[in-house]
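Asks: Before we start, here is the structure in question, set down as structure tokens.
Residue numbers (this note's numbering), protein chains in the order written: chain A, 1 to 265; chain B, 1001 to 1243.
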């Protein structure tokens, strides 16, 4: 067969994960939380390193630390140091420390790049099942929490002041992002996962008149970027994870150009 | 007088060594318009946030059981990256019937299908007010609801707030720096500068030395007699009405 099994696994895993990133990524965009997502992902790398070090599952380590980081960052003290800076400091310490810890382990030293940029072509059948299950879970949870999430995103201080900003829903939102970070580690790595959270929604924005349309289009854009990126990686013999992100970038550029032409015409 | 909607006793908020609020006490009753005035940085917004439970503070805040609050923040609009119509925005907080009625009440019916991010300052102010009153709140909290709105629309807007008070029977807490129009509509004025400088009927407050010290000669303009003989459309055109 011309196209091998590992390519199918990669396309399916990355496609499903990117599709799950789309709708939840819309909220990251609407609430301007891109930098929080980035720092959560960076700390996820530290979680992976700690997971390996103490011999538990890498994904569990990543998810655990990413969740803790997300919850801590939600409470960033906004005094003399702006919240964004505080979040950035914590995130980069996590990234640096995670990298140092990984490099001390002889057995993983060779795979370092995989943790940063993903190793989607190495997905096993078990990996694929886990990623598919988590992606479907995140999509279902996003649909279920849609109204309270949207109220918090659209209402901001209003929802909070009137007591309609459920803390439970906000926590769930951060946990969903942490899950995507953890299971996205093998797909696009700790450095690029946020790209799948923000690029497909940004590409969807010019063509959406409702929040729901934007979420669906973002999911489709993500799902399209995965096979496109893999095909490009296959032909150019380039790393797969970064190629998927580049494909998402190309879809965004195409969307932005089309929107501009539509405005002029 | 009946039990207040909300009572604050000895509120204090500190940032480091600085007192943002120092021993502030106040109460707001149903059917009462209380206007909070004070110079920039006097702690007005902090006091609102403390009352709404958005900022930690020392002291005691008592709300009447089951009190429903409608909040209009300063010039808030959803991020432009969020595509959402006015109608949909309101329906996130109230039923479709309540939303439609409230939009009609504030004279913003024609904004119904527009995107929130495309509204002008005056339209946004009305839409936010409609959203706040749609759920029939017991207490309406307005934080500089007209920041960035032209003077022409202001008087009509405050007139509408006074009418809404009568229709809903709610209490209103209004933060504003538009001294002249606001104080004409207020039942009670609280002048804040980290602590309550003076408080009472608008006419009394203007004569209070503490008020004159804070606002100086500008205070003299505060209570010019205001006769309103016409209304305005959203675009600012005058509609003459017979009185």
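Built from N, CA and C at the ideal position, the CB exists for glycine as well.
When you compare each of B:1164, B:1118, B:1110, B:1040 to residue 1135 (chain B) by their alpha carbons, which one comes out closest?
Replies: Nearest option by C-alpha distance: B:1164.
Asks: Going along the chain, which residues of its own chain have a beta-carbon closer than 7 Å to the beta-carbon of residue 35 (chain A), five neighbours each way excluded?
Replies: Only 84, 87, 88 meet the Cβ criterion.
Asks: Comparing C-alpha positions only, which one of A:240, A:105, A:152 sits nearest to residue 119 (chain A)?
Replies: Ranking the options by Cα distance to residue 119 (chain A), first place goes to A:240.
Asks: Look at residue 205 (chain A) and residue 1115 (chain B) and say whether their C-beta atoms are less than 9 Å apart.
Replies: No, these two residues do not count as a Cβ contact at 9 Å.
Asks: Just the chain A side, please: which residues come within less than 7 Å of residue 1176 (chain B) by C-beta, in chain order?
Replies: Neighbours of residue 1176 (chain B) on chain A: none; closest Cβ ~18 Å, over 7 Å.
Asks: Chain A beta carbons: is any one of them nearer than 9 Å to that of residue 1004 (chain B)?
Replies: False, the Cβ-Cβ gap to chain A never drops below 9 Å.
Asks: In whole angstroms, what separates the C-alpha of residue 105 (chain A) from that of residue 53 (chain A)?
Replies: The straight-line gap from Cα to Cα measures roughly 8 Å.
Asks: State yes or no: is the beta carbon of residue 1012 (chain B) nearer than 9 Å to at least one beta carbon in chain A?
Replies: Not closer than 9 Å to any Cβ of chain A, the Cβ of residue 1012 (chain B) fails to qualify, so no.
Asks: Drop a sphere of 10 angstroms on the beta-carbon of residue 1009 (chain B), count the other beta-carbons inside from all chains shown, and report buried for 16 or more, exposed for fewer.
Replies: With fewer than 16 other Cβ atoms within 10 Å, it is exposed.
Asks: CA-CA distance, residue 1130 (chain B) and residue 156 (chain A)?
Replies: Roughly 17 Å separates the two Cα atoms.
Asks: Could you name the residues of the region 209 to 233 of chain A whose beta carbon sits closer than 8 Å to any beta carbon of chain B, in the order they occur along the chain?
Replies: Listed in sequence order: 209, 210, 211, 213, 214.
Asks: If the cut is a Cβ gap below 7 Å, which residues of chain B does residue 150 (chain A) touch?
Replies: Correct list: 1092.
Asks: Taking only three categories from DSSP, how would you classify residue 92 (chain A)?
Replies: Correct three-state label for residue 92 (chain A): helix.
Asks: With a cut-off of 8 Å, do at least 3 Cβ pairs link the region 215 to 228 of chain A to the region 174 to 182 of chain A?
Replies: Touching, no.
Asks: Can you check whether the CB of residue 1082 (chain B) is closer than 9 Å to the CB of residue 153 (chain A)?
Replies: Yes, the pair counts as a contact, with Cβ atoms nearer than the cut-off.
Asks: Would you call the CB atoms of residue 217 (chain A) and residue 203 (chain A) closer than 9 Å?
Replies: The answer is yes: Cβ separation under 9 Å.
Asks: In the DSSP assignment, find the beta strand (DSSP E) that holds residue 1006 (chain B) and state where it starts and stops.
Replies: Start and end: 1006 to 1015.
Asks: If we count the other Cβ atoms within 10 Å of its Cβ and call it buried at 16 or more, is residue 127 (chain A) buried or exposed?
Replies: Under this definition residue 127 (chain A) is a buried residue.
Asks: Are the CB atoms of residue 207 (chain A) and residue 121 (chain A) within a distance shorter than 9 Å?
Replies: No; because the gap between Cβ atoms is not below 9 Å, this pair is not in contact.
Asks: With DSSP as the reference, label residue 1064 (chain B) as helix, strand or coil.
Replies: Of the three classes helix, strand and coil, the one that applies to residue 1064 (chain B) here is coil, per DSSP.
Asks: For residue 1128 (chain B), which residues of its own chain have a beta-carbon under 8 Å away from its beta-carbon, when the five flanking residues on both sides are left out?
Replies: Only 1072, 1073, 1076, 1145 meet the Cβ criterion.
Asks: Answer yes or no: does any C-beta atom of chain A fall closer than 9 Å to that of residue 1008 (chain B)?
Replies: Taking Cβ atoms only, chain A never reaches closer than 9 Å to residue 1008 (chain B), which makes this a no.
Asks: So which residues of chain D does residue 1071 (chain B) contact, with C-beta pairs closer than 8 Å?
Replies: No chain D is part of this structure, whose protein chains are labelled A and B.
Asks: I'd like to know whether the C-beta atoms of residue 173 (chain A) and residue 43 (chain A) end up nearer to each other than 9 Å.
Replies: Taking 9 Å as the Cβ cut-off, residue 173 (chain A) and residue 43 (chain A) do not qualify as a contacting pair.
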